[in-house]
Amino acid sequence: MDIIIRNARILTMDQNDTEYDRADILIANGIIEKIGPDVAASVEPGNARIIDGEGKLVMPGLINAHFHSPVNFLKGALVDAPLELYMLYEVPPLQCKTVDSEFAYARTMLGAVELLKQGVTTNHDDCFFVPVPTDEEVNAVMNAYTDAGIRASVTLCQVNVREYEKYPFLYELLPDDIRSEMENVPLLSTEELVGHYETFINRWHGTADNRIRCSISCSAPQRVTPDCLRALDDLSRKYDIPYKMHILETKLQRVLGQVKHGKSFIQYVKDEGVLTDRSVVIHSVWVDDDDIAAMAESGCSVIHNPISNLKIGSGVMPFRRLKEAGINIALGIDEVPVDDGCNLWTVGKTAGLVHKIADPEYRNWPHEDEILDMLTRGGARSMGLQDQVGMLAEGYRADMLLIDLDTLPFTPLHNLKRALVFCENGGSLKMTIVDGRIVVEDGEVLNVDEAALRAQIRGYASRLKTELEQMTVSADRLAPYYREMYLKAVSCDVGMNRWAGPMMP
Ligand SMILES: [Zn+2]
């Protein structure tokens, strides 16, 4: 036995939603061996670490189902603007910079440390590389996740079409010189991207006792060529790993589908044959009932990123309609600058609040059981890990949190699940365990010298300042054309409104 937790309150989140007022958990070789009242009494502890669970809650680790680590250094740095303008400042399309491995490692590690210290045991990272992935940068990202001790799945979230092809009306709005600059940005061919994926999967998938995994991403269906969209689905089938795609995050994307294909992007990916039970649809804010029916039939998962949707004004996802269709939903931070934090508890709370502005029928509002399900089991299913993590059950990987109930958020304690969703913010966390190993204890992350990491990142201050200034100059030049495109798109009638207020005329 490696770890014995005694006399804890336990929220298992298992199939039967079993809860124990007082029980033990035995952990060996990364696995939950036994769970239940008094199971510790009959075992020889040997060299096991014995943890007193008195006054503590044990629950499954949280699962962040969507994240972009390459912008981990942009906390609080970016403009308040809708996605299409926000992204101009986040990843200026005419400014390509490669990143050295030390920088990429520290950047990834910062996110991993923040997540672990907030009780996130599994992180899915749609990691993009500008302009193209290099072995140096990819390996730095994967080494950081491996060393941090977090469970991670990572994609190469690349685009392979010209910038102006990703948007409606933009080609006509742009002047010739900017168009031709966009044509000079290096792009990967489908064969090259598939080659990068094969190298990536062969090097990393299943490493660190299967704690580190690879998945597939096309970024979004409008951001890759149709043959690339299908080739990536072939890879997802070949390795039986999830296929992530941002779909219908914004109204402009709904308009683009109409302009470009005469249908929504859900119908487009369905018709291309790539909407399957391996698909993971990120956002799905501007979906209609036909889209929801197609998604339900496919068995795909949806990732809900409510803080991201609020920060960049994307609208409110039709939560109850997706849920009633039987679609699995997980929660995501999306990325640091679109949240300005790195805290999945606040994402859960926001998911519990935001739908109230979109529906007066209070019976439709998400309740705490649904939020906790999205934070744990839903996340696991979206990553194809539903038989390994997301609940505390015998035979499952030992990913769990020890939460101190002798803290202000739980004083007085009326309803445990409501307190977890609406009162707690991660501050009561005593311990994070991933794959049977303690990775955070009493506020200290154990695999990383956090003070040295923070000092290293402070050392990047002038570099980051210069880069941000250059990015702003580059984005400012394009912003007037993007604003015109945005206003034209939001004025189109798409037969629905996902904002709580009236749409712009
Ligand atoms: Zn995203």
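Under my numbering, the residues of the sequence shown are numbered 982 to 1486, in order.
Yeah, the Cβ is synthetic: ideal placement off N, Cα and C, and Gly gets one too.
Residue i CB to nearest heavy atom of ligand 1 below 8 Å
i: I1263; result: yes
i: S1363; result: no
i: D1315; result: yes
i: N1286; result: yes
i: D1157; result: no
i: H1049; result: yes
i: D1457; result: no
i: D1107; result: yes
i: H1227; result: yes
In DSSP terms, what residue i is bridged to
i: K1225; result: S1198 and V1261
i: G1017; result: D1005
i: F1048; result: D1315
i: G1268; result: One detail in the question is off: residue 1268 reads as Val in this sequence, not Gly. Answer is none; V1268 lacks a bridge partner.
i: A1028; result: Note on identity: in this sequence residue 1028 is Asn, with Ala being the wrong assignment. Per DSSP, none; premise fails for N1028.
i: H1285; result: L1312
i: C1108; result: L1137
i: K1037; result: D1385
i: E1000; result: L992
i: L1043; result: V1101
i: M1412; result: L1383 and E1422
i: I1193; result: A1133 and T1188
i: I985; result: L1007 and I1031
i: R1204; result: Note: R1204 sits in no beta bridge, so no partner.
Proximity below 9 Å, CB of residue i to CB of residue j
i: I1006; j: M1381; result: yes
i: L1383; j: L1356; result: no
i: P1026; j: R1003; result: no
i: L1353; j: K1304; result: no
i: M1163; j: Y1148; result: no
i: G1359; j: S1279; result: no
i: K1225; j: I1197; result: yes
i: W1267; j: L1216; result: no
i: G1365; j: D1221; result: yes
i: M1068; j: L992; result: no
i: D1272; j: I1247; result: yes
i: I1288; j: T1327; result: yes
i: I1293; j: A1062; result: yes
i: V1261; j: P1223; result: yes
i: R1259; j: N1309; result: no
i: R1204; j: V1250; result: no
i: V1080; j: L1169; result: no
i: A1133; j: R1184; result: no
i: A1460; j: L1237; result: no
Residue i CB to nearest heavy atom of ligand 2 below 8 Å
i: S1289; result: Ligand 2 is absent from the structure shown, which contains only ligand 1.
Exercise for review: Determine, using beta-carbon pairs with one atom in the segment 1369-1379 and one in the segment 995-1013, whether at least three such pairs fall under 8 Å.
Suggested key: At 8 Å Cβ cutoff, the stretches touch.
**Study point:** Stretch pair the segment 1104-1112 + the segment 1132-1140: three plus CB contacts closer than 8 Å
**Key:** Short answer: they touch.
Review point. Can we say the segment 1435-1444 touches the segment 1142-1162, given the rule of at least three CB pairs closer than 8 Å?
Key: no
Check your understanding: Pairing CB atoms from the segment 1096-1107 with CB atoms from the segment 1401-1421, are three or more of them under 8 Å?
Key -> yes
Review point. Looking at C-beta atoms only, is the number of pairs between the segment 1053-1068 and the segment 1122-1132 that lie closer than 8 Å three or more?
Key: no
Check your understanding: Does the segment 1287-1301 come close enough to the segment 1325-1339 that 3 or more CB-CB pairs lie under 8 Å?
Key -> Result yes; three or more Cβ-Cβ pairs closer than 8 Å.
Review point. Counting pairs of beta carbons, one from the segment 1399-1406 and one from the segment 1422-1433, are three or more of them closer than 8 Å?
Key: no
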